[in-house]
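S.K.: My questions will all concern the structure given below.
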Amino acid sequence: MPTVKIVEFGSVASPPVDLLLRLSALEAPWIVLPVIQRVFLFDDAGGQHPPFASLVGSLRASLAATLARLPPLAGRIVFLPSTGDAAIDCSASEGSGVRFIVAESDEADAGRLAGDADHDVDAFKAFVPKLKVDSLPAEVLAVQVTRLKGGVAVGVAMHHAVVDGRSVWRFFQAWAAACRGDDAAAEAVVAGLTFDRAVIALPGARSTLRKYAPNLPLDINLFPSAQINLPRRTFTVTSQQIHRLKQCVSGHTTPAQAGSTPAPSSFVAVVALAWVSFVRAKHPAVISADHDVYVFFFIDCRGRRGIDPPVSENYFGTCITGCLAKATARDLLAVEGFAAATAAVQREVRRAAEDPLALWDWMDLLSWMPMDRLVNISGSPRYPAYEVADFGWGAPSRTELITMNNCGQVVLVAARAGGGSVQASVCMHPDHMDAFKSHFLNSLSG
Numbered sequence: 001m002p003t004v005k006i007v008e009f010g011s012v013a014s015p016p017v018d019l020l021l022r023l024s025a026l027e028a029p030w031i032v033l034p035v036i037q038r039v040f041l042f043d044d045a046g047g048q049h050p051p052f053a054s055l056v057g058s059l060r061a062s063l064a065a066t067l068a069r070l071p072p073l074a075g076r077i078v079f080l081p082s083t084g085d086a087a088i089d090c091s092a093s094e095g096s097g098v099r100f101i102v103a104e105s106d107e108a109d110a111g112r113l114a115g116d117a118d119h120d121v122d123a124f125k126a127f128v129p130k131l132k133v134d135s136l137p138a139e140v141l142a143v144q145v146t147r148l149k150g151g152v153a154v155g156v157a158m159h160h161a162v163v164d165g166r167s168v169w170r171f172f173q174a175w176a177a178a179c180r181g182d183d184a185a186a187e188a189v190v191a192g193l194t195f196d197r198a199v200i201a202l203p204g205a206r207s208t209l210r211k212y213a214p215n216l217p218l219d220i221n222l223f224p225s226a227q228i229n230l231p232r233r234t235f236t237v238t239s240q241q242i243h244r245l246k247q248c249v250s251g252h253t254t255p256a257q258a259g260s261t262p263a264p265s266s267f268v269a270v271v272a273l274a275w276v277s278f279v280r281a282k283h284p285a286v287i288s289a290d291h292d293v294y295v296f297f298f299i300d301c302r303g304r305r306g307i308d309p310p311v312s313e314n315y316f317g318t319c320i321t322g323c324l325a326k327a328t329a330r331d332l333l334a335v336e337g338f339a340a341a342t343a344a345v346q347r348e349v350r351r352a353a354e355d356p357l358a359l360w361d362w363m364d365l366l367s368w369m370p371m372d373r374l375v376n377i378s379g380s381p382r383y384p385a386y387e388v389a390d391f392g393w394g395a396p397s398r399t400e401l402i403t404m405n406n407c408g409q410v411v412l413v414a415a416r417a418g419g420g421s422v423q424a425s426v427c428m429h430p431d432h433m434d435a436f437k438s439h440f441l442n443s444l445s446g
């Protein structure tokens with residue numbers, strides 16, 4: 001693990017806003033699973049970066065401007081004992097402001113870290129701040145900028161009760177535009193956004209808090225201690241490979257089915273391949289042919305007809321619900337396993353489109369779900385991770401979600417290569433990673 005030296009503990013403040021936002025029922029479960037940590041690596045092989053002090057100054061000033069545009073990110077999550085609610089307090093208070101840490105590491109090589117498919121998990125974790133979330137009031141956002149050998153790392157920690165993936169990438173897009181000096185683009189990103197949690201007309205926020213966090217405002221983080229670091233590897237699935245995967249499915253579809261079943265999306269195709277690769281990697285040591293196997297993922301509820309009234313596409317917060325597809329391992333182990341997995345995922349996507357709130361209390365699944373037979377999907381190929389994160393010195397060389405440590409966790413974003421390619425970052429137990437990699441890559445090259 002490279003040595004990372006903290007050289008400055010600071011904070012970034014924005015003008016206080018008299019705004020108290022009670023968490024919705026879709027946000028309340030995230031009180032106990034709070035942290036999103038993501039790192040961006042910028043390799044300066046071409047020597048185009050500004051001096052580090054100047055770079056830090058630009059990031060700091062533009063963050064302040066962005067917090068003024070997105071006030072929930074500058075707030076704290078607080079407990080309201082009179083009602084039992086948790087809420088985002090956007091007003092100035094003691095300890096307010098976003099922690100902004102500056103660090104350096106002469107041992108961590110930006111080019112190597114950005115180029116290796118296998119993650120240097122310890123290094124990546126050292127580049128992101130830890131969010132203070134074990135009790136309320138809880139932080140919403142913290143930032144760390146680390147000078148590396150030949151580059152820079154920008155690490156961010158955010159509270160999942162305040163932002164989901166769509167909101168995270170809106171924040172990065174607005175921040176990066178402000179850092180580039182493009183205020184018009186930054187304003188365009190946030191134009192029309194609504195922060196009002198009341199637009200999610202779903203009861204149950206208080207009961208959800210009592211169910212999963214009965215000791216509020218204390219003891220609210222389900223995983224307060226560090227877990228064992230499992231291996232992680234990043235795969236890039238090109239648009240041509242995705243096209244071939246979709247053709248594989250059409251090859252197993254009857255003429256009657258072809259007319260009624262839409263072609264799988266890139267999301268469905270990559271999720272299905274990861275699911276089959278996971279089952280094959282763990283068979284027969286962990287998963288037998290008779291076992292039921294599962295894949296879990298989230299859908300964005302904005303604009304869905306199954307919610308009355310529909311939530312605006314401009315909602316800035318957490319507005320996602322769960323989806324669970326199920327199959328028998330034997331079906332996924334068969335020659336036509338990929339087609340079977342694709343059909344199962346497509347069925348669940350269609351179900352969620354019709355009834356998006358059926359699994360809104362997705363945390364309840366954890367009480368019975370066999371985790372060693374579950375693939376957990378985060379993110380989406382629609383998230384333009386590299387496109388939006390140009391802070392003024394080029395797109396990142398690499399970006400990864402750090403908060404992934406369950407065997408079978410897969411994180412998806414649009415790949416750096418663009419053109420419809422997908423970055424899939426996979427966490428697997430070391431006993432199964434090589435087998436997963438072999439099946440996944442062989443399926444893409446076939």
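Residue numbers (the UniProt record's numbering): 1 to 446.
For every residue, glycine included, the Cβ atom is placed at its ideal position computed from N, Cα and C.
By Cβ distance, which residues of its chain are closer than 7 Å to Leu-202, with the 5 residues on each side in sequence left out?
M.R.: Locating residue 202 in the sequence shown gives position 202, where the first residue counts as 1. Excluding positions up to five away in sequence, the list reads Ser-24, Ala-25, Leu-26, Leu-357, Trp-360.
S.K.: Rounded to a whole number of angstroms, what is the C-alpha to C-alpha distance between Val-17 and Leu-70?
M.R.: In the sequence shown, the residue the question calls residue 17 occupies position 17. In the sequence shown, the residue the question calls residue 70 occupies position 70. When rounded, the distance between both Cα atoms is 10 Å.
S.K.: What does His-159 pair with, by DSSP beta-bridge criteria?
M.R.: Working through the sequence shown from its first residue, we reach residue 159 at position 159. Beta-bridge pairing links His-159 to Val-35.
S.K.: For Ala-138, write down the residues that DSSP places opposite it in a beta bridge.
M.R.: Walking along the sequence shown from the start, residue 138 turns up at place 138. For Ala-138, which the question treats as bridged, DSSP gives the partners Ile-77.
S.K.: In terms of residue numbering, what span does the beta strand (DSSP E) encompassing Phe-297 cover?
M.R.: The count along the sequence shown starts at 1 and reaches residue 297 at position 297. Looking at the DSSP string, the run of the beta strand (DSSP E) that includes Phe-297 is 292-300.
S.K.: Quick one: grab the DSSP three-state call for Arg-382.
M.R.: Start at 1 with the first residue of the sequence shown, and residue 382 comes out as number 382. Looking at Arg-382 - three-state DSSP - the assignment turns out to be coil, as it is neither helix nor strand.
S.K.: With a threshold of 16 other CB atoms inside 10 Å of the CB of Val-335, please say whether the residue is buried or exposed.
M.R.: The residue labelled residue 335 in the question sits at position 335 within the sequence shown. By the neighbour-count rule (16 or more Cβ atoms within 10 Å), Val-335 is not buried but exposed.
S.K.: Would you kindly check if the distance between the Cβ of Gly-337 and the Cβ of Leu-209 is under 8 Å?
M.R.: Within the sequence shown, residue 209 is the residue found at index 209, counting from 1. Within the sequence shown, residue 337 is the residue found at index 337, counting from 1. Result no, Cβ atoms of Leu-209 and Gly-337 do not sit closer than 8 Å.
S.K.: So the alpha helix (DSSP H) Arg-69 belongs to, where does it begin and stop?
M.R.: On the sequence shown, position 69 is the one that residue 69 refers to. Unbroken alpha helix (DSSP H) run through Arg-69: 52-69.
S.K.: According to the Cβ coordinates, are Ala-417 and Val-270 closer than 8 Å?
M.R.: Locating residue 417 in the sequence shown gives position 417, counting from the first residue. Locating residue 270 in the sequence shown gives position 270, counting from the first residue. No; because the gap between Cβ atoms is not below 8 Å, this pair is not in contact.
S.K.: If we count the other Cβ atoms within 10 Å of its Cβ and call it buried at 16 or more, is Glu-139 buried or exposed?
M.R.: Along the sequence shown, read from residue 1 onward, the residue named residue 139 stands at position 139. Glu-139 comes out buried.
S.K.: Thinking just about the alpha-carbon of each residue, which of Tyr-386, Asn-442, Cys-323 is nearest to the one in Ser-378?
M.R.: As a position in the sequence shown, residue 378 is number 378, starting the count at 1. With distances taken between Cα atoms, Ser-378 lies closest to Cys-323.
S.K.: Nearest CA to the CA of Ala-340: which residue from Ala-352, Lys-326, Arg-351, Arg-350?
M.R.: Here residue 340 is taken as the residue at index 340 of the sequence shown, counted from 1. It is Lys-326 whose Cα lies nearest to the Cα of Ala-340.
S.K.: For the beta strand (DSSP E) containing Cys-323, name the first residue and the last one.
M.R.: Within the sequence shown, the letter at position 323 stands for residue 323. Start and end: 320-328.
S.K.: Among Thr-238, Phe-79, Val-12, Ala-142, which one has its Cα closest to the Cα of Gly-420?
M.R.: Walking along the sequence shown from the start, residue 420 turns up at place 420. That would be Thr-238, whose Cα lies nearest to the Cα of Gly-420.
S.K.: Identify whether Lys-130 lies in helix, strand or coil by the three-state DSSP scheme.
M.R.: On the sequence shown, residue 130 is found 130 positions in, with the first residue counted as 1. Three-state DSSP puts Lys-130 in coil, outside helix and strand.
S.K.: Within this structure, are the beta carbons of Gly-317 and Arg-197 separated by less than 8 Å?
M.R.: As a first step, residue 317 must be located in the sequence shown, where it is residue number 317. As a first step, residue 197 must be located in the sequence shown, where it is residue number 197. Cβ atoms of Gly-317 and Arg-197: closer than 8 Å.
S.K.: Helix, strand or coil for Ala-352? Go by DSSP, reduced to three states.
M.R.: The count along the sequence shown starts at 1 and reaches residue 352 at position 352. Ala-352: helix per DSSP, three-state reduction.
S.K.: Sort Glu-8, Thr-403, Arg-330 by Cα distance to residue 478 and report the nearest one.
M.R.: Since the first and last residues shown for the chain are 1 and 446, residue 478 lies out of range.
S.K.: Using the Cβ count rule (16 or more neighbours within 10 Å means buried), how would you classify Phe-223?
M.R.: For the purposes of this step, residue 223 is identified with residue 223 of the sequence shown, where counting begins at 1. So Phe-223 ends up on the exposed side.
S.K.: Please go through the region 201-280 and give each complete alpha helix (DSSP H) segment of 4 or more residues, from N-terminal end onward.
M.R.: For the region 201-280, whole alpha helix (DSSP H) runs of length 4 or above, ordered along the chain, are 205-212, 239-251, 255-260.
S.K.: I'd like the list of long-range same chain contacts for Arg-147, defined as Cβ closer than 6 Å, with 5 residues on each side in sequence excluded.
M.R.: If you number the sequence shown from 1, residue 147 lands on position 147. Closer than 6 Å at the Cβ level, and outside the excluded window around Arg-147, lie Phe-52, Glu-104.
S.K.: For Asn-34, which residues from the same chain have a beta carbon less than 8 Å from its beta carbon, with the 5 sequence-adjacent residues on both sides left out?
M.R.: Position 34 of the sequence shown, counted from the start, is the residue given in the question as residue 34. Residue identity differs from the one stated: residue 34 is Pro in this sequence, not Asn. Same-chain partners within the cutoff: Leu-131, Val-133, Ala-138, His-159, His-160, Ala-161, Ile-220, Asn-221.
S.K.: Alpha carbon to alpha carbon, what distance is there between Ala-153 and Ala-142?
M.R.: Counted from its first residue, the sequence shown places residue 142 at position 142. Counted from its first residue, the sequence shown places residue 153 at position 153. Whole-angstrom Cα-Cα distance: 14 Å.
S.K.: Where Ala-263 and Arg-166 are concerned, what is the direct C-alpha to C-alpha distance, given to the nearest angstrom?
M.R.: If you number the sequence shown from 1, residue 263 lands on position 263. If you number the sequence shown from 1, residue 166 lands on position 166. About 24 Å.
S.K.: With DSSP run on the structure shown, which of helix, strand or coil describes Phe-171?
M.R.: The residue given as residue 171 occupies position 171 in the sequence shown. Note: Phe-171 maps to helix in three-state DSSP.
S.K.: Can the beta-carbon of Ile-77 be found closer than 8 Å to that of Ala-68?
M.R.: The residue labelled residue 77 in the question sits at position 77 within the sequence shown. The residue labelled residue 68 in the question sits at position 68 within the sequence shown. No, the pair does not count as a contact, with Cβ atoms beyond the cut-off.
S.K.: DSSP beta-bridge partners for Gly-10?
M.R.: As a first step, residue 10 must be located in the sequence shown, where it is residue number 10. Looking at the DSSP assignment, Gly-10 forms a beta bridge with Phe-100.
S.K.: Whose C-beta lies closer than 6 Å to the C-beta of Asn-314 among residues of the same chain, with five residues either side of it excluded?
M.R.: Working through the sequence shown from its first residue, we reach residue 314 at position 314. These residues qualify, in order along the chain: Gly-192, Leu-193, Thr-194.
S.K.: Starting from the Cα of Asp-120, find the closest Cα among Leu-80, Pro-370, Leu-401 and give me that residue.
M.R.: If you number the sequence shown from 1, residue 120 lands on position 120. Ranking Leu-80, Pro-370, Leu-401 by Cα distance to Asp-120 puts Leu-401 first.
S.K.: So is Phe-436 buried or exposed if we call it buried at 16+ other beta carbons inside 10 Å?
M.R.: Indexing the sequence shown from 1 puts residue 436 at position 436. Buried: at least 16 other Cβ atoms inside 10 Å.
S.K.: Given this structure, state the Cα-to-Cα distance separating Ala-281 from Asp-431, to the nearest angstrom.
M.R.: Position 281 of the sequence shown holds residue 281. Position 431 of the sequence shown holds residue 431. Approximately 9 Å, taken between the alpha carbons.
S.K.: Identify which residue in Ser-443, Thr-399, Lys-125, His-439 has its Cα closest to the Cα of Gly-111.
M.R.: Here residue 111 corresponds to residue number 111 of the sequence shown, with the count starting at 1. Per the Cα distances, Thr-399.
S.K.: Taking the alpha carbon of Ala-64 as the reference point, which residue from Asn-406, Ser-11, Phe-391 has its own alpha carbon closest?
M.R.: Stepping through the sequence shown from its first residue, residue 64 is reached at position 64. Comparing Cα positions, the closest option is Ser-11.
S.K.: Alpha carbon to alpha carbon, what distance is there between Ala-13 and Cys-90?
M.R.: On the sequence shown, residue 90 is found 90 positions in, with the first residue counted as 1. On the sequence shown, residue 13 is found 13 positions in, with the first residue counted as 1. The alpha-carbon atoms of Cys-90 and Ala-13 are separated by roughly 11 Å.
S.K.: Can you list, in chain order, the residues of its chain whose CB lies under 7 Å from that of residue 461, leaving out five sequence neighbours each side?
M.R.: Here the chain comprises residues numbered 1 to 446, so residue 461 is not present and cannot be evaluated.
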